[in-house]
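Those protein sequences? They're chains A and B, same order as listed.
Numbering-wise (my numbering), the first sequence opens with residue 2 and increments by one.
Numbering-wise (my numbering), the second sequence opens with residue 2 and increments by one.
Every residue gets a Cβ at the ideal spot worked out from N, C-alpha and C, and that includes glycine.
Note that the structure is predicted; figures quoted are calculated from it, not measured.
There are 2 protein chains.
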Amino acid sequence: MVKEKTSGDMVRGNLDLMVLSALADGPKYGYLIQNALSKASGGTFTVQAGTLYPLLHRLEAEGWVRSRWDDSTGRKRKWYRLTPRGRKQLVHQAQQWREYADCIWRILAPVLGQSPDAMESS
Amino acid sequence: MVKEKTSGDMVRGNLDLMVLSALADGPKYGYLIQNALSKASGGTFTVQAGTLYPLLHRLEAEGWVRSRWDDSTGRKRKWYRLTPRGRKQLVHQAQQWREYADCIWRILAPVLGQSPDAMESS
DNA sequence: ATCAATGCATAGAGTGTCAATATATCAAGC
DNA sequence: GCTTGATATATTGACACTCTATGCATTGAT
């Protein structure tokens with residue numbers, strides 16, 4: 002009867018990377034990014050609006066994305082697109098994540114190698 | 002000339018898991034856990050003492066580890082060992098991490114698939 | 001006696017994320 | 001015209017995790 006704590010903030014620490022990669026295949030506005038990430042992750046990640054927009058502002062302040070309002074369709078939307086620097090950052094962070102994940106993977110391998118049932122001793 | 006920000010808190014969000022797995026092969030005291038993690042990660046993770054000890058207290062409060070002082074060697078050390086519940090938790094969190102990592106991996110695959118040079122056209 | 005390494009611990013600050021809330025537009029139904 | 005629900009951006013306050021900085025005490029070497 003252990004409480005689940007990892008329900009909400011699953012993305013912790015990788016949201017920047019996720020959002021950048023969501024913009025990799027073309028400009029999007031916030032709501033679109035939300036849906037794209039949710040779909041791309043098979044429902045695993047659900048980025049809250051209150052999380053996404055401040056994050057986008059931060060990414061823009063870093064110079065990794067640029068935004069432009071568009072109200073030609075009636076509905077006002079703020080489109081974000083990767084800058085060249087943002088694209089480099091995306092690749093850089095992605096590679097970094099891979100190294101990091103490999104490292105954790107090596108540490109966890111022995112744990113995941115054996116079944117939970119074989120762990121009653123100690 | 003982009004500033005590196007990921008220098009310090011690399012482990013963000015996975016420290017519990019790392020510490021639990023450090024205890025998987027037998028009891029350790031704090032200082033030993035620090036060294037074990039640093040070594041197991043090839044120097045990638047360096048868990049600060051000020052991070053580790055509060056975390057251990059939390060793990061104990063959750064019932065995942067139990068501690069016992071030992072001063073039979075002159076130097077007083079607080080040994081931590083996994084409880085059965087802690088071992089289950091370790092496996093559970095490890096599996097969860099794998100799913101999570103797989104998910105990110107799928108999203109990043111196209112990004113890492115191509116080289117950074119082939120990305121000038123936004 | 002002094003100093004570095006060992007060993008555990010707390011305090012304060014920073015950051016990332018969430019929940020809650022606010023505002024405004026559009027489309028649909030009454 | 002009015003209301004309602006989905007769309008869309010944004011701010012606020014709170015919370016959790018980690019870091020840095022600091023403190024204290026012991027051990028072993030110089």
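- Around the CB of Ser73 of chain A, fewer than 16 other CB atoms lie within 10 Å, so the residue is classed as exposed.
- Classified as buried, Gly31 of chain A has 16 or more neighbouring CB atoms from the shown chains inside 10 Å of its CB.
- Relative to the Cα of Leu109 of chain A, the nearest Cα in the group B:Cys104, B:Gln97 and B:Gly114 belongs to B:Gln97.
- Looking at the backbone, the Cα of Ala95 of chain A and that of Leu113 of chain A are separated by about 24 Å.
- Collapsing the DSSP output to three states places Asp17 of chain B in a helix.
- Across the structure, Ala25 of chain B and Arg88 of chain B are spaced so that their CA atoms are roughly 7 Å apart.
- The alpha-carbon of Pro28 of chain B is positioned some 12 Å away from that of Asp71 of chain B.
- Considered as a whole, the region 10-90 of chain A harbours 66-71 and 78-83 as its complete beta strand (DSSP E) runs of no fewer than 3 residues, in chain order.
- Taking the beta carbon of Val112 of chain B as reference, the chain A residues within 7 Å of it are Ser22, Ala25, Leu91, Val92 and Ala95, listed in sequence order.
- Contact annotation, Arg69 of chain A with Glu61 of chain A: C-beta distance approximately 11 Å; criterion of less than 8 Å not satisfied.
- By the neighbour-count criterion, in which a residue is buried when 16 or more other Cβ atoms sit within 10 angstroms of its Cβ, Asn15 of chain B is buried.
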